[in-house]
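Below is one structure, written out as structure tokens; comments come after it.
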Amino acid sequence: MGEPVHRELIGRLAAARRPVVFSGAGLSAESGIPTFRGRVDHALWSRHDPQQLASIEGFERAPELVLEWYDWRRGLVVEATPNSAHVALARWQQATLITQNVDDLQERAGADPDRVLHLHGSIMQDRCHATCGWSMPADPDSPRGWHPCPECGARTRPGVVWFGEGLPEETWALATRACSNADLILVIGTSGVVQPAASLVELAAASGAYVVNVNPEATPLDSMADTCLHSAAGEVLPELLPD
Ligand code: OAD
């Protein structure tokens, strides 16, 4: 990336009136949270079966295994600290921060929770696996294993979206509205292969938004981007969004 491109981009980001950020696991990679895919050998889906660990069928077949895996991942999040990309984004007050991430690092970096749209739910919440609607902040100190829902007695589970499940309706409505109105979308750290989330980039582009993609690796989203920065988020975001 040459200096003039960088300078021009900083100006574009500062001038954007309705910017949207669309992030994925790569945003939290530099905080030590493993990604699902990518060239790294510790990518989660290269070591674990998503159908077992992130689907209703997998949970109903082996709930203890699934809950143990989410306990492990929740522990990683609790131990992690926000990185410089989270901090830079938290400062960008006018941006809507749409994320596929289930961690709370963006909020812990100081972003107003109302500005953060978690398309795939939150690992820091537990909820009822049935339809009673019970949900509570997860207690990292509570005994492992599954607990009956205090409202209806069904199983409780992590408040994340699994493969085959719908996205939270209100969050999705807010995200599609923000992308339809966006004048710029900054895509960060996503492989762009999980739908419907990834279609938000197409929606923003089709609505006239300038598309920036930050990812050390090439992804299918590169072809949609006006500018691609093949860099780590924590390196480039503080430069793009200076204090
Ligand atoms: P992926 O794990 O699919 O992709 C992470 C991307 O981050 C890869 O393209 C990496 O190249 C990139 N990356 C790695 N380190 C980075 C860094 N320091 N800075 C910037 N980018 C970096 O993650 P997602 O696209 O978020 O869904 O995955 C989408 C969904 O698939 C997840 O929300 C999850 C998963 O299955 C569910 O669990 C429902």
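Numbering (the working numbering), first residue to last: 882 to 1124.
Beta carbons are placed, not taken as given, at the ideal position from N, Cα and C, and that holds for glycine.
In this text the structure is predicted, and so the values were computed from the model without any measurement.
- Taken through DSSP and simplified to helix, strand or coil, residue 902 comes out as strand.
- In terms of Cα proximity to residue 998, the closest of 920, 1090 and 1056 is 1056.
- Residue 1044 is bridged by DSSP to 936.
- Contact between the segment 944-959 and the segment 1091-1103 is not established, with fewer than three Cβ pairs separated by less than 8 Å.
- If you compare the alpha carbons of 1015, 1006, 1001 and 979 with that of residue 993, the shortest gap goes to 979.
- DSSP places residue 914 in the coil class of the three-state scheme, outside both helix and strand.
- Under DSSP, residue 1039 takes part in a beta bridge, and its partners are 1007.
- Shown here for residue 1046: same chain residues with a beta carbon closer than 8 Å to its own, the five before and five after excluded, namely 937 in chain order.
- Taking 6 Å as the cut-off, one finds no heavy atom of ligand 1 near enough to the beta carbon of residue 889.
- For residue 897, the closest alpha carbon among the candidates 1114, 1109 and 1089 is that of 1089.
- Ligand 1 never approaches residue 1099 closely enough for any of its heavy atoms to be under 6 Å from the residue's Cβ.
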